[in-house]
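Below: the structure, in structure tokens.
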Amino acid sequence: MPRPITILVEGESDRAAVETLAPRFGVDLEAEQITVHVINGAGNFRAAIAESVAQGHRVGGLYDEGEERYVAGALNRQMGEDLTRQGFFACRRDLEEELIRATGVAGVTAILEAKNDLKGFRQFQAQEAHSSEQADEQLRRYVSANGARKREYAARMAEEVPFEDVPEPMTGLINWIWAAG
217 MPRPITILVE GESDRAAVET LAPRFGVDLE AEQITVHVIN GAGNFRAAIA ESVAQGHRVG
277 GLYDEGEERY VAGALNRQMG EDLTRQGFFA CRRDLEEELI RATGVAGVTA ILEAKNDLKG
337 FRQFQAQEAH SSEQADEQLR RYVSANGARK REYAARMAEE VPFEDVPEPM TGLINWIWAA
397 G
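Counting with the working numbering, you get residues 217 to 397 for the letters of the sequence shown.
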């Protein structure tokens, strides 16, 4: 029987996206003994990896590219080294940016409209502090403005993103899970 797997993610929105996307790829997290564990910030990778390994789990995860030093250090690797072999996949700035790029501005706007949140986004766009930003950056800032919204929209984008456009870190993670069996 394969060892249980722990997927480490920095926040609740990352967990929501992974838990939403995995079944779309035929991964039954519960049946395959896969837990998605929120570590509440990249500085906690070292302790979370050590704890999961001590429990006999295979460990992988997602992290923001700017936080690579924490993951590399926790895995006893050098900055810039390929961490995907150890099951860790970098999101450029963050997972929300990856999902917005993959879903597209029109796709995310449609999600906002379906959730009756488009008016709030339009008001946000009109604010002087955000009016000169590109639409994808406005969406990222709006979606990330509070934890509940960030979690909800990460899951919705993971649900709506076309298979061929799923962000590379997420497809890498899914493929790593499949290879674990």
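Ideal placement from N, C-alpha and C gives every residue a C-beta, glycine not left out.
Checklist entry - Where in the segment 264-302 do unbroken runs of the beta strand (DSSP E), each at least 3 residues long, occur, reported from the N-terminal end onward? => result 274-280
Item to check | Check whether His253 and Ile221 have beta carbons under 8 Å apart | outcome: no
Next on the checklist: Any contact between the segment 253-272 and the segment 349-360? By contact I mean 3 or more CB pairs, one from each, below 8 Å.
Outcome noted: no
Checklist entry - My guess is that Ala288 and Met295 are in contact by the Cβ rule of under 8 Å, so how many angstroms apart are they, rounded? => result 5 Å
Next on the checklist: Could you check whether Leu291 and Leu299 sit closer than 8 Å to each other, using their CB atoms as the reference points?
Outcome noted: yes
Checklist entry - Quick one: what does DSSP say Leu245 is sitting in, helix, strand or coil? => result coil
Checklist entry - What distance in whole Å lies between the Cβ atoms of Val377 and Ala318, which are believed to be in contact at a cut-off of 8 Å? => result 5 Å
Checklist entry - Under three-state DSSP, which class holds Ile255? => result coil
Next on the checklist: Can you tell me whether Ser347 is buried or exposed? The criterion is at least 16 other CB atoms within 10 Å of its CB, across all chains shown.
Outcome noted: exposed
Checklist entry - Using 8 Å as the Cβ pair cut-off and three pairs as the minimum, do the segment 321-335 and the segment 242-257 touch? => result no
Checklist entry - beta strand (DSSP E) containing Ala306: first to last residue? => result 304-307
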